[in-house]
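In the working numbering, the protein residues as written are 22 to 90.
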């Protein structure tokens with residue numbers, strides 16, 4: 022066995038496949054909802070490069086509205 026800079030996971034034969042969760046949805050209002058009623062949120066209403074992105078209960082505020090670049 023060798024080490025890799027890009028580790029992978031594999032399931033044993035007969036077990037369920039390992040897949041990443043796909044629990045997000047894009048809404049017409051610009052929200053990106055994650056697992057139901059939480060949204061991607063710019064932490065502390067930040068608007069500068071490097072602002073942390075968190076999940077937070079959806080509240081319809083501007084810091085939860087996203088556009089594609």
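In this text, a Cβ means the ideal position worked out from N, Cα and C, and glycines have one as well. In this text, all values refer to a predicted model and were calculated from it rather than measured experimentally.
Original post:
Among residues of its own chain, excluding the 5 on either side of residue 78, which ones have a beta-carbon nearer than 7 Å to its beta-carbon?
Top reply: Counting from 1 along the chain shown, the entry for residue 78 is found at position 57. Taken in chain order, the residues that qualify are 58 and 59.
Original post:
What is the residue span of the beta strand (DSSP E) that residue 63 lies within?
Top reply: Here residue 63 is taken as the residue at index 42 of the chain shown, counted from 1. Run containing residue 63: 59–63, per the beta strand (DSSP E) assignment.
**OP:** Closer than 6 Å by C-beta to residue 51: which residues in its own chain qualify, once you throw out the five before and the five after it? Chain order, please.
**Re:** Start at 1 with the first residue of the chain shown, and residue 51 comes out as number 30. Correct list, in chain order: 86 and 87.
Original post:
Considering residue 76, what are the terminal residues of the beta strand (DSSP E) in which it resides?
Top reply: Counting from 1 along the chain shown, the entry for residue 76 is found at position 55. Residues 74–78.
Original post:
Nearest CA to the CA of residue 74: which residue from 62, 55, 53 and 49?
Top reply: As a position in the chain shown, residue 74 is number 53, starting the count at 1. Checked all of 62, 55, 53 and 49; the closest Cα to residue 74 is 62.
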